[in-house]
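Once you know that position 192 of the sequence shown is 192 in full-length UniProt numbering, the rest is easy, because the numbers rise by one and skip nothing. Cβ coordinates follow ideal geometry from the N, Cα and C atoms, glycine included. Since the structure comes first, as structure tokens, the remarks are kept for the end.
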Amino acid sequence: MCVDSSTTCKKAVKAKGKPKKKAAPKSKSSSDNSKPQGQEAEARIAAYMKEQNRPYSAQNVFDNLHGIVSKTQVQNLMEKLSKEPGSDAEPPLVMKEYGAQKVFLCNQRLFGDCSPESVLELNREVAEVEKRLPTVRGALGKVTAEITQLRGQGELEGKVANNRKRVRELEEKVEHIQRERKKEGVSDLGQKLAEAQAKYGDLHNTLAKRRKLKRSKAILNGLDMSKPIDVPGSLKGQDHSLKCKEGSGNIQSNFISEKVTHLLHTGSKGVAV
């Protein structure tokens with residue numbers, strides 16, 4: 001009976017559920033059918049040993065063939081190929097035992113004539129190939145450099161395209177700003193500024209001309225601009241002494257200028273000319 005809470009009872013019920021069915025074993029027919037069998041596996045091993053022409057153990061051949069042929073089959077077939085003659089009336093492989101280790105090598109008689117003359121001919125061919133090797137390497141270097149340059153040009157073309165896109169974006173921004181300024185009436189700002197500069201420039205030139213005229217008039221009247229002017233008591237007003245500085249072009253007032261001119265014409269004493 002379930003004395004504890006209902007949760008423990010539920011767990012017990014779940015535990016006593018139906019037993020899980022065992023998964024069906026995977027069929028080996030598909031994997032076995034993909035691997036070579038019999039004479040096909042034998043021909044595969046013989047061709048591999050002739051192509052490599054190096055001493056291998058059965059384990060080396062099994063590893064190098066990446067498990068195409070099973071390990072036991074590789075061992076049996078290599079021993080068979082080293083004992084039974086093949087199509088050339090010679091065993092395809094030669095087996096040598098070093099204690100418990102068995103090493104297999106391709107039968108060298110299958111490679112045809114290996115006379116000293118044929119070896120010399122092969123050596124001459126190798127020497128010719130070695131002579132051409134620097135030229136081929138140089139051509140390879142040129143081609144590699146051209147490929148690198150072309151890749152660099154592709155990168156430069158990409159950068160140029162990006163820069164052109166950036167220029168177009170900036171031009172669009174400038175056009176947008178110009179349109180907004182025209183709407184707000186800001187486009188005439190430069191023209192207004194130029195007109196203001198011309199106007200005030202004319203005023204400045206007019207003022208300079210007037211100052212020059214006054215200065216010339218004072219000089220023509222014989223007035224020494226560097227010395228103070230003593231005015232008689234009858235003509236003295238609030239200013240007892242007048243001083244005109246040379247080059248300043250500033251006459252303090254038209255009233256004083258007229259009095260000084262009157263003194264110069266009448267020849268009154270007390271005025272230093």
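- Annotation for Lys102: the continuous beta strand (DSSP E) segment containing it runs Gln101 to Cys106.
- Taking every protein chain shown into account, the CB of Asn162 has fewer than 16 other CB atoms within 10 angstroms, so this residue is exposed.
- Counting C-beta pairs with one atom in each stretch, the stretch 115-130 and the stretch 87-101 have fewer than three that are closer than 8 Å, which means they do not touch.
- Put simply, of Cys106, Asn76 and Lys165 the residue whose alpha carbon is nearest the alpha carbon of Glu90 is Cys106.
- Between Glu42 and Leu77, the CB-CB gap stays under 7 Å.
- Secondary structure of Leu65 (DSSP, three-state): coil.
- Distance check between Gln39 and each of His66, Asp63, Gln108 and Lys80 places Lys80 closest, using alpha-carbon atoms only.
- Look at Lys71 here: in three-state DSSP terms it is helix.
- Boundaries of the beta strand (DSSP E) harbouring Glu97: Leu93 to Tyr98, taken from the DSSP string.
- DSSP places Tyr48 inside the alpha helix (DSSP H), whose first and last residues are Gln39 to Gln52.
- Counting the other CB atoms within 10 Å of its CB gives Ala208 a total below 16, which places it among the exposed residues.
- In the assembly as shown, Val74 is a buried residue. Its beta-carbon has 16 or more other beta-carbons within 10 Å.
- Annotated as distal: Phe62 and Lys50, with beta-carbon spacing of 7 Å or more.
- Beta-carbon to beta-carbon, Met95 and Ser82 are separated by about 4 Å, close enough to satisfy the 8 Å threshold.
- In this model, Ala145 and Phe111 are separated by some 42 Å (Cα to Cα).
- Apart from the 5 residues on each side of it in sequence, Asn53 sits with its Cβ closer than 7 Å to the Cβ of Cys106 in its chain, given in chain order.
- Here Tyr200 is exposed. Its C-beta has fewer than 16 other C-beta atoms within 10 Å.
- The DSSP assignment places no complete run of the beta strand (DSSP E) inside the stretch 130-213 (cut-off: 3 residues).
- Each residue's CA atom was taken as its position, placing Lys182 and Gly158 some 37 Å apart.
- Residue burial annotation: Ala58 is buried, with at least 16 other C-beta atoms found within 10 angstroms of its C-beta.
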